[in-house]
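What follows is a short report on a single structure.
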């Protein structure tokens, strides 16, 4: 496996604009990678189709709130980003039947950081050497309950 320093170097050399969000821009992600050693978090690895991946997230040091997550593969002895996702408290993890799952917290404006109102899930399949997004779904919200709570 690659060390966090090797992964950090590859991430800093990668175009991260696709994982930037309104809350955490590409510049924010680069700042965390550059200035905070504890902000690159190693997660359990993942294996599919005979290939192994290391999973890393970039998040805050204090509470490990993750805003970008990456699957890293071995490309002839060098780390390579195979999948990058960004979002609000987003993590990649192994799913069923070789899938990789990106789970993201969904916060309403008045939700405290501890307690999101729901979750968004994106499924990825590894096909022909690439991750392809498949199904996605989110926790449903009942707008009538929200209106009733405000009265």
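Residue numbers (my numbering): 1 to 151. Ideal Cβ placement from N, Cα and C applies to all residues, glycine included.
Using beta-carbon positions only, say whether residue 23 and residue 88 come within less than 8 Å of one another.
yes
Where DSSP assigns a beta bridge to residue 52, which residues make up the other side?
Bridge partners of residue 52: 47.
Residue 64: beta carbon under 7 Å from a heavy atom of the ligand NAD?
Ligands displayed in this structure: none; no statement on the ligand NAD is therefore possible.
Run through the region 11 to 45 for me and flag every whole alpha helix (DSSP H) of 4 or more residues, listed as ranges in chain order.
26 to 35
3-residue-minimum beta strand (DSSP E) runs that sit fully inside the region 55 to 114, ordered along the chain
Counting whole runs of 3 or more residues, the region 55 to 114 contains the beta strand (DSSP E) stretches 66 to 75, 78 to 86, 90 to 94 and 100 to 106.
Spatial distance of residue 4 from residue 72 (CA atoms)
11 Å
Pop quiz: residue 66 and residue 101 are said to be a contact at Cβ under 8 Å. What is the actual Cβ separation, rounded to whole angstroms?
Contact flag wrong, Cβ pair sits at about 14 Å.
Going straight from the alpha carbon of residue 125 to that of residue 133, what length do you get?
6 Å
Endpoints, the beta strand (DSSP E) within which residue 118 is located:
118 to 127
Just the Cα atoms here: how many angstroms apart are residue 36 and residue 119?
Using only the alpha carbons, I get a separation of about 27 Å.
Within its chain, find whatever has a CB closer than 7 Å to the CB of residue 14; leave out the 5 residues flanking it on each side and keep chain order.
Its chain contains 81 as the residues whose beta carbon lies nearer than 7 Å to that of residue 14, once the 5 sequence neighbours on both sides are disregarded; these appear in chain order.
Cβ atoms of residue 56 and residue 19: under 8 Å apart, would you say?
No, they are not a contact pair.
Anticipated Cβ contact below 8 Å, residue 131 with residue 54, distance rounded:
About 14 Å separates the two Cβ atoms, so there is no contact after all.
Range covered by the beta strand (DSSP E) that runs through residue 131
130 to 138
For residue 4, which three-state DSSP category applies?
helix
Whole-angstrom Cβ separation of residue 68 and residue 84, contact assumed at under 8 Å?
Rounded to the nearest angstrom, the Cβ distance from residue 68 to residue 84 is 7 Å, consistent with a contact under 8 Å.
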